[in-house]
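The sequence shown begins at 1 in the UniProt record's numbering and counts up one residue at a time. Here a beta-carbon is modelled for each residue, glycine too, at the ideal position from N, C-alpha and C. Please read these numbers as outputs of a predicted model, since none were measured by experiment. As structure tokens, the structure follows; a few thoughts come after it.
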Amino acid sequence: MQRSLPLLPAALLSALSLVAVPGAAAGEGPPDRAHVWVADDGTRVRREDVGLPLSRGEGNALFRPGEPIRLGALRGEVVAFQVIVEAGAEPVRGVTVEVSGLGPAAGAGTPAKPAAPAKEPAAPAQQPQAPGEPPAQAIRIDRFVEHHVEIKLRSRNDRRPMESLGWSPAARPPDDGHLGFLPDALIPIALAPPWAPYPLEVGSRETRAVWIDLHVPEGAAPGALEGKVVVGSASHGALASLDLRLDVAPATLPYGAVDFIAFYEASEVAERVGDGPAVEQQLWQLLHEHHVDGFASVRSPAEVERLRAAIDGSLYTEARGYRGPGAGVPPAAVALGAYGGFGDPREETLRRVEAVAELLPPAVDDVMLYAVDEQCESPRGPGWRQLVRGSRLSSRILVGHSCGEVDPVKQDVDLVLTPANRFDSVWARAAREAGKRLWVYNGALPRTGTFMIDAPLTGLMADGWIAASHEVGRWFLWETAFWHDGNRGGKGPIDPFTVAENFHNQDGDACLGDGMLLYPGTQRGKFASRSLGFAGVLPSMRLKSLRRGIQDAGYIALARSASPEAADAIVKEVIPAALDEARDTSPAAWSSEGAPFFRGRAALRALIPAGASLDPAAVRRVLADAAV
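Structural data, given as structure tokens:
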């Protein structure tokens, strides 16, 4: 990647200008009456965050009082924003947020016509189009209630409280903004329960919010669309009517421009939510809709058959009720026995491995025998590699393990997973030259983003930009539904809607939201009172942020294919340092606010030629040319 900034057009430099960090302005208190404003998808607004400068449009990339909400999108993209409702001295009851169907802007072809309020599916499961629904190429609008969880203690290590698995002490996000009631779980409005109701109930001097996704199909006509965001209440009547403008560019976003793969423990999901096939299939579809591959762990032919539709890509088609990006695209990788599931290398076990591997669809690029996890000195990896070399499927199976302390060249496996915050570009380059594969997993501030709830949303957004500009291979996420705290040192299952601290280990680490990008739609047993009765899982704001970063990687690829130096300069402006360029003695180099990412994205979009599109091979080639 270009390491210095070339001269850029003034418009791009203007788009990259940084904005003020939100905070309480001196001498200004919360409003005395209800107030509605809009935030971008990289901003987290706590329940108690009233009177922020952002609410007045200061440093807000999306909202200025009296002006339209302006969004840009490519075809095949999902763009998101948040509608924030603040109460003054009086509570505001029965708040509704409606989005009119978006139609062509007046003067942009056909005259704009008023449209009915949007209707969305009852849940995040994919549903076939029914009579009376908008046509397949219309903008689909999904609305979610943002559910808050109280944070009293931060992610930490018991012996080193300023440090956690999510950050070094110097990169620890400040308590201001990360203690209190933080939103994370996103509940479709049709599923909203009494404890997270829709219509919203906004307490005195508090905020509530609705998250809105706008799904732009690949076949959408380019041009300007206009609609309305209408906010009303039972207690105070009409609160706001905000103009919404969406400019669809004549270019198509590539699906999954960078590879993120996410594990889930099937037995734990089944125990909490239910063990029917619909639950697991909905989980895969939800991840796929967010440009993330589920990471199947298969140990028997029966497990391959159970997951076949997810693995061969047929689960992501209209015939299976899927209406999202990446139609028919299979996952990039499958694990043979994740985390050492096949045990020690033995000839009789190899026969079982072969029986599973030969059933996997050819469209799956990487079939990884996951020999052992985070035990660098274990003989399992080398032992399995030697055994697999004599197999009839030796060209199909990669033997891998996770280890970050040893030079990958010196590790006798085909594939090394290294913690993203320990990524070494020199080691990685040498490993690739030696014919080894290298992936990264998880990550920590300041080198990458972090899973943790008590951290800015922009960290996971930044991971997409990092993956697009550094040759990290695939990015593995160790868990997505870690509601059971089942580690050695763990404290047992939690209700994630009321408790954020979900991870403990015997080393004294305590984490909030680690390995938990999904929330249960149904809870059984002692948590049944917090069940939504939905046979599936729900997204988090953090999953949405990761999707935004992966989509941004697609922007980077498209922009770089046309204007590589200008695109590289924008990336460097938004992400000045990451991975081994960053130092643990400093905070993260990127902004904790969403506005710089929003403006960098706009600058990239300005570089993308009309009609641009890239197939997966072209995306890989363009990004590999830029990677460091």
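Check the C-beta distance from residue i over to residue j and give it rounded, since I have them as a contact under 8 Å.
i           : j    : result
G166        : F451 : 7 Å
L182        : R44  : 6 Å
V472        : A420 : 7 Å
V537        : P520 : 6 Å
residue 636 : R93  : The structure shown does not extend to residue 636, since the chain is modelled only from 1 through 628, so no value can be given for it.
T522        : A510 : In fact, because the Cβ distance is near 27 Å, the residues do not count as touching under 8 Å.
R437        : L415 : 4 Å
F598        : M461 : Their Cβ separation, rounded to whole angstroms, is 10 Å, which puts F598 and M461 out of contact at 8 Å.
H35         : E86  : 4 Å
Please go through the same chain and pick out, in chain order, the residues whose beta-carbon is closer than 6 Å to the beta-carbon of residue i, but skip the five residues on each side of it.
i           : result
L543        : H290, L517
G492        : D485
D247        : G72, A224
V413        : G381, R385, V399, G400, H401
I397        : A357, V367, L369, V388
I261        : D293, F295, A333, R474, F476
A559        : A567, L604, L607, I608
residue 671 : The structure shown does not extend to residue 671, since the chain is modelled only from 1 through 628, so no value can be given for it.
residue 629 : Lying before the first or after the last residue shown, residue 629 is absent from the chain, which here runs from 1 to 628.
G459        : G449, T450
W427        : D407, P408
Taking 7 Å as the limit between beta carbons, can you name the residues of its chain near residue i, skipping five residues before and five after?
i    : result
G57  : F63, R64, P65
E77  : V216, L253, Q551
A115 : Since pLDDT at A115 reaches only 44, below the 50 mark, its modelled position is unreliable, and the value read off the structure follows with that caveat. Excluding sequence neighbours, A115 sits near S100, G101, G103, G227.
Q137 : P217, G219, A220
Whole angstroms are fine: how far does the CA of residue j sit from the CA of residue i?
i    : j    : result
A125 : A327 : Low per-residue confidence applies at A125: pLDDT is 46, beneath 50, and the placement is therefore not dependable, though the value from the model is reported in the following sentence. Between A125 and A327, the C-alpha separation is close to 15 Å.
D49  : E206 : 7 Å
G549 : M541 : 13 Å
P161 : R46  : 23 Å
D373 : G343 : 11 Å
F482 : A332 : 23 Å
A80  : W211 : 7 Å
P362 : P325 : 22 Å
A249 : L239 : 32 Å
W627 : A434 : Per the sequence shown, residue 627 should be read as Ala rather than Trp. So the two alpha carbons sit approximately 18 Å from each other.
W37  : L623 : 37 Å
R547 : W465 : 11 Å
Q82  : A185 : 14 Å
A500 : A612 : 42 Å
R392 : I187 : 48 Å
L336 : F144 : 36 Å
R245 : L153 : 40 Å
V571 : K526 : 47 Å
E98  : G237 : 14 Å
L614 : T96  : 40 Å
Y264 : G313 : 18 Å
E303 : G274 : 17 Å
L13  : G600 : The predicted model places L13 with a pLDDT of 38, which falls under 50 and marks its position as unreliable; any figure quoted below should be read in that light. Rounded to the nearest angstrom, the two C-alpha atoms are 9 Å apart.
A355 : P301 : 7 Å
P539 : L286 : 8 Å
Give me the residue from the options with the minimum Cα distance to residue i.
i    : options                : result
A371 : R474, H470, L350       : L350
A562 : P188, L102, P609, R154 : P609
R422 : L225, W439, V413, Y519 : W439
P222 : A251, L179, V416       : A251
E150 : A578, R605, L512       : L512
E347 : S586, P379, L387, V329 : L387
R306 : Q281, L286, R547, R208 : Q281
V329 : R530, W284, A192       : W284
T585 : P68, S591, A171        : A171
A411 : S395, G525, A430       : Per the sequence shown, the amino acid found at residue 411 is Gln instead of Ala. The shortest C-alpha separation from Q411 is found at A430.
A595 : D32, H35, D41          : D41
R320 : G340, P277, V353       : P277
G490 : F497, H504, T498, T480 : H504
A602 : D507, R70, G180        : R70
P68  : R621, L242, V95        : L242
A467 : L579, L532, S529       : L579
A192 : R156, H148, S204, S235 : H148
Y339 : V619, T498, S297, D175 : S297
V619 : D259, C376, N60, E318  : D259
To which residues of the same chain is residue i closer than 8 Å at the C-beta, ignoring the five residues directly before and after it?
i    : result
A582 : P446, R447, A588, A589
L74  : V216, V248, A249, A251, T252, L253, G554, Y555, L558, R605, I608
N487 : F503, H504, N505, Q506
P173 : W167, L445, D454, A455, P456, S592
G29  : A caution first: G29 carries a pLDDT of 48, below 50, which makes its placement in the model unreliable, though a value can still be read off. Hits under 8 Å: G51.
TODO: Give a yes or no on contact between the stretch 166-180 and the stretch 452-461, applying the rule of three or more CB pairs nearer than 8 Å.
DONE: With the cut-off at 8 Å, the stretch 166-180 and the stretch 452-461 touch.
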